[in-house]
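Here the structure is laid out as structure tokens; the discussion comes afterwards.
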Amino acid sequence: MLFQSWNMWKEGKTKDLADSSIMDTCSPDELFLCIHVALLCVQENPDDSPLMSSVMTTLENGSTTLPTPSRPGYLVRRNTELDQFRNNIQNSLNSLSVTEIDGR
1468 MLFQSWNMWK EGKTKDLADS SIMDTCSPDE LFLCIHVALL CVQENPDDSP LMSSVMTTLE
1528 NGSTTLPTPS RPGYLVRRNT ELDQFRNNIQ NSLNSLSVTE IDGR
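First residue of the sequence shown: 1468, per my numbering; consecutive thereafter.
The following block contains the structure:
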């Protein structure tokens, strides 16, 4: 969903990301700002993400000079080698007992 949101933002379809009930309670500019900041916070390179103090200032005061978010970092990517490894795992059953010692 994150990757889809990022793509919609890039295509200028940010308004389509919000539920209609949200659109009734805030201005489109507020919505776009929140989505823009959210995408900045989940960029692939954590060093590119804004500091929380910057996020708070931006959300409180608004800003028109935000950088363009880069690709999100939390994408599910298929790795066929990893999938093959997972399919060949043999599990074993181990048991463990725990003893609690109480003083008298």
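Positions of the beta carbon are idealized from the N, C-alpha and C atoms, including for glycine.
Boundaries of the alpha helix (DSSP H) harbouring residue 1501: 1495-1508, taken from the DSSP string. In this structure, the beta-carbon distance from residue 1485 to residue 1500 does not fall below 9 Å. Listed in chain order, the non-local C-beta contacts of residue 1481 below 6 Å within the same chain comprise 1499, 1502, local neighbours out to five positions each way being set aside. For residue 1527, the uninterrupted alpha helix (DSSP H) segment begins and ends at 1519-1528. Within 10 angstroms of the beta-carbon of residue 1536 lie 16 or more other beta-carbons, which makes it buried. Between residue 1540 and residue 1510, the C-beta gap is smaller than 9 Å, which places the two residues in contact.
In the structure shown, residue 1539 adopts extended strand secondary structure according to DSSP, grouped into three states.
Annotated three-state conformation of residue 1475 is helix, per DSSP.
Per DSSP, the unbroken alpha helix (DSSP H) holding residue 1488 starts and ends at 1487-1490.
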